[in-house]
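Residue numbers (this note's numbering): 68 to 310.
From the three backbone atoms N, C-alpha and C, an ideal C-beta is built for every residue, glycine too.
Just so you know, these numbers come straight off a predicted model, no measurement behind them.
To start, the structure under review is shown below, and the notes come after it.
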């Protein structure tokens with residue numbers, strides 16, 4: 068699902084953008100609206116921006132950081148988030164080049180050019196083809212590339228999402244997260260699921276990941292894990308490694 072954030076302090080333009088999104092986007096999406104850049108930035112963490120696309124005005128009022136500051140922050144924490152600027156002030160056109168962004172749309176031609184910008188965003192998103200896992204932790208929203216996830220571990224009422232650099236805790240069941248993830252993820256134990264692309268060796272009772280971490284494999288689930296791992300590695304032209 069595409070996740071979109073809109074930073075716009077003018078109600079009229081907010082509703083115009085809402086209408087354009089509804090008429091132009093044909094894939095599943097969800098959108099959140101923010102009336103200031105400061106409000107938007109307060110929802111982010113140092114570990115990523117959970118949005119696929121951010122549409123932001125540049126001048127968001129005297130009580131808010133501007134859209135350039137918003138974009139710079141997004142660029143820093145998630146270079147994959149696409150940014151579309153909208154503004155009625157053309158003097159800001161040169162300022163946007165201080166950031167990595169997809170499009171600058173003059174508000175006077177919003178109905179004509181925002182659909183074109185959305186088409187460009189969709190094409191870039193489809194070309195990239197990378198899957199993300201979206202979840203909440205401690206009232207913050209996160210977006211993590213599924214390629215970066217090593218394994219999932221259910222502890223008490225939380226599921227820990229292990230990456231090479233960070234461990235996130237989500238207040239969700241292991242299976243609920245697994246249902247939203249790609250076919251390379253496999254439940255190997257009632258409390259564990261593993262990214263098979265990260266597997267170095269598969270043993271009867273445990274899996275060794277490429278970073279050296281061992282993840283348990285239950286006896287009842289070993290045949291399924293073995294079969295899925297074999298199909299996945301053969302499909303990708305890789306050698307199978309069994310202990």
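{"query": "N-terminal and C-terminal residue of the alpha helix (DSSP H) that residue 90 is part of", "result": "78-91"}
{"query": "Distance, residue 259 Cα to residue 224 Cα", "result": "14 angstroms"}
{"query": "Distance CB(residue 141)-CB(residue 150) smaller than 8 angstroms", "result": "yes"}
{"query": "CA-to-CA distance, residue 121 to residue 205, given in whole angstroms", "result": "23 angstroms"}
{"query": "Cβ neighbours of residue 230 in the same chain (closer than 7 angstroms, five flanking residues each side left out)", "result": "211, 215, 216 and 217"}
{"query": "DSSP beta-bridge partners of residue 291", "result": "Bridge partners of residue 291: none, in fact."}
{"query": "As assigned by DSSP and simplified to three states, the class of residue 105", "result": "helix"}
{"query": "Candidates 79, 273, 101 and 80: closest to residue 72 by CA position", "result": "101"}
{"query": "Exposure label - residue 298; buried when at least 16 CB within 10 Å", "result": "exposed"}
{"query": "Assigned secondary structure, residue 305 (DSSP; H/G/I helix, E/B strand, else coil)", "result": "Because residue 305 sits at a pLDDT of 47, beneath the cut-off of 50, its placement in the model cannot be relied upon, and the point is left open."}
{"query": "Span separating the alpha-carbon of residue 166 from that of residue 138", "result": "6 angstroms"}
{"query": "Residue 202 versus 221, 281 and 244, residue with shortest Cα-Cα distance", "result": "244"}
{"query": "Status (buried if at least 16 other CB within 10 Å, exposed otherwise) for residue 272", "result": "exposed"}
{"query": "Rounded separation between residue 108 and residue 257 - CA only", "result": "37 angstroms"}
{"query": "Helix, strand or coil at residue 137 according to DSSP, with G and I counted as helix", "result": "helix"}
{"query": "Any 3 or more C-beta pairs closer than 8 angstroms across the segment 91-106 and the segment 127-137", "result": "yes"}
{"query": "At least 3 beta-carbon pairs within less than 8 angstroms: the segment 75-88 vs the segment 111-118", "result": "no"}
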